[in-house]
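First to last, the protein sequences are chains P and V. Quick note, the first sequence lines up with residues 1 to 114 if you use this note's numbering. Quick note, the second sequence lines up with residues 115 to 230 if you use this note's numbering. Structure first, then comments.
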Amino acid sequence: NAGVTQTPKFRILKIGQSMTLQCTQDMNHNYMYWYRQDPGMGLKLIYYSVGAGITDKGEVPNGYNVSRSTTEDFPLRLELAAPSQTSVYFCASSYGGTRGGEQYFGPGTRLTVT
Amino acid sequence: AQKITQTQPGMFVQEKEAVTLDCTYDTSDPSYGLFWYKQPSSGEMIFLIYQGSYDQQNATEGRYSLNFQKARKSANLVISASQLGDSAMYFCAMRPNAGNNRKLIWGLGTSLAVNP
């Protein structure tokens, strides 16, 4: 199992550009999440999904969009990139049990907007 | 309000000694899970240990144990026999079981440095 994979690992965007961060998991998890982590800070939830076709906003959704057409994939779209979106982005997945259900993380994408 | 508090921004420990990282939580949900994650300087988030709110015994995973005191709403991580590779950020998180989203509430983390 590859677990959770993210591409790209690094990206530099100019202000106003758009891009999609890819996330794929091969663990058949229903739940998937996108986080951002600013330098020296904790994780903030951007969007999450409880299954294919179902997505919802987290704490900081402005400037982002997601889709979940399959169980495996959960891409994050940045429209009109701004310097405030410079961050490390993590995708995570988990299964739905009430016991355990730890989130498994991808390696992250380091994004710089200049 | 549901919240995780990690009061130690930074901690130092001597190699081979034990260290306790503090975590307190606030929730009104009767059923919840508590998690600890490690983030080394390379950046990945690594799951360490889980404790369910109804578990009678403290969770253990190798050198990691979770000191769960439900009445005090604390879930401290104990690392025994510290190793240089334990130097990292450590995050405590809570997942209330009410609702269907399985979202985690995260603390701000504690930076641990292990000295040789």
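A virtual CB, placed ideally from N, CA and C, is assigned to each residue, including glycine.
Measure the Cβ-Cβ separation of Gln-120 (chain V) and Thr-141 (chain V) and say whether it is below 8 Å. Walking along the second sequence from the start, residue 120 (chain V) turns up at place 6. Walking along the second sequence from the start, residue 141 (chain V) turns up at place 27. It is not a contact, given that the beta carbons lie outside the stated cut-off.
Residue ranges of each alpha helix (DSSP H) within the region 139 to 187 of chain V, 4 or longer: Taking only runs of at least 4 residues, no alpha helix (DSSP H) segment lies wholly in the region 139 to 187 of chain V.
With 16 other CB atoms within 10 Å as the buried threshold, where does Lys-217 (chain V) fall? The residue labelled residue 217 (chain V) in the question sits at position 103 within the second sequence. Looking at its Cβ environment, which holds 16 or more other Cβ atoms inside 10 Å, Lys-217 (chain V) is buried.
Interface residues of chain V facing Ser-93 (chain P) [CB-CB closer than 7 Å]: As a position in the first sequence, residue 93 (chain P) is number 93, starting the count at 1. The premise fails here: Ser-93 (chain P) is roughly 10 Å from chain V at the closest Cβ pair, so nothing lies under 7 Å.
For a cutoff of 8 Å on Cβ pairs, would you count Glu-72 (chain P) as touching chain V? Indexing the first sequence from 1 puts residue 72 (chain P) at position 72. Cβ-Cβ to chain V under 8 Å: no for Glu-72 (chain P).
Excluding sequence positions up to five away, which residues of its chain have a Cβ less than 6 Å from the Cβ of Ser-145 (chain V)? Counting from one through the second sequence, the residue named residue 145 (chain V) turns up at place 31. Once the five neighbours on either side are set aside, the close Cβ partners of Ser-145 (chain V) are Ser-167 and Asn-211.
C-alpha distance - Met-125 (chain V) paired with Leu-198 (chain V), whole-angstrom precision: Position 11 of the second sequence, counted from the start, is the residue given in the question as residue 125 (chain V). Position 84 of the second sequence, counted from the start, is the residue given in the question as residue 198 (chain V). The alpha-carbon atoms of Met-125 (chain V) and Leu-198 (chain V) are separated by roughly 13 Å.
Can you check whether the C-beta of Pro-107 (chain P) is within less than 8 Å of a C-beta belonging to chain V? As a first step, residue 107 (chain P) is located in the first sequence; it is residue number 107 there, counting from the start. Cβ-Cβ to chain V under 8 Å: yes for Pro-107 (chain P).
Straight-line Cα distance separating Thr-112 (chain P) from Arg-11 (chain P): Here the question's residue 11 (chain P) lines up with position 11 in the first sequence. Here the question's residue 112 (chain P) lines up with position 112 in the first sequence. Whole-angstrom Cα-Cα distance: 6 Å.
The beta strand (DSSP E) spanning Cys-206 (chain V) covers which residue range? Within the second sequence, numbered from 1, the residue matching residue 206 (chain V) stands at position 92. Looking at the DSSP string, the run of the beta strand (DSSP E) that includes Cys-206 (chain V) is 202 to 210.
Taking 7 Å as the limit between beta carbons, can you name the residues of its chain near Met-159 (chain V), skipping five residues before and five after? Residue mapping note: residue 159 (chain V) aligns to position 45 of the second sequence, counting from 1. Sequence-distant partners of Met-159 (chain V) (beyond 5 residues in either direction) whose C-beta falls short of 7 Å from its own C-beta, in its chain, are Tyr-151 and Gln-153.
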